[in-house]
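Notes to accompany the following structure.
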Amino acid sequence: MRSNSDVDRRFLCTLGKALFDNIFIFYWLCWFFIRFTRHCHFPIPYLNSWLTDFVFVPIIVHVSSVVGSYLFNNGNPHGYPLYQIWFIAAIVSLVFEWVMPYYTDYNTADLYDVLAYFTGGLFYFLFHQPRYIKKSSDGTNHLVCSQN
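Heads up: the sequence shown runs through residues 1286 to 1433, numbered per my numbering.
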């Protein structure tokens, strides 16, 4: 007899397999690498300044797309139009480049960061989102988790 915990475990396992594709893992590795080099006081020029900003919007959009697919679209993949991705980039830019510098010492206003947010959104729209939709439509993201 199956219980709700079995359903929850299978749902989370399937969601995790859809979410953690190679490009998404690459985003996180980039982010942790830059944070590590900053912590070790060995920042890498250019990458230190904009790589984390470049991957931030794709991380947000990918998580919302995958979770939304499973919660509202029966696991069928859906993508966002470019204007919605850029709307997310605009909100992120507003919060982290205009509001947060007034309240924290850590955030600084930088026009290049805004450009990195929008470029990351464009990268997601052109490369990652089509790959996610194609892979999910082919059924390779709908791997069934084991039923131990």
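Glycine included, every Cβ here is placed at the ideal spot set by N, Cα and C.
The C-alpha of Arg-1320 lies about 31 angstroms from the C-alpha of His-1363. In the structure shown, Asp-1395 falls within a coil segment according to DSSP collapsed to helix, strand and coil. Between Val-1342 and Tyr-1402, the gap from beta carbon to beta carbon is short of 7 angstroms.
The stretch 1390-1408 and the stretch 1332-1342 touch, with three or more beta-carbon pairs separated by less than 8 angstroms. Under the three-state reduction of DSSP output, Phe-1305 falls in the coil class, being neither helix nor strand. For Cys-1315, the three-state secondary structure derived from DSSP is helix.
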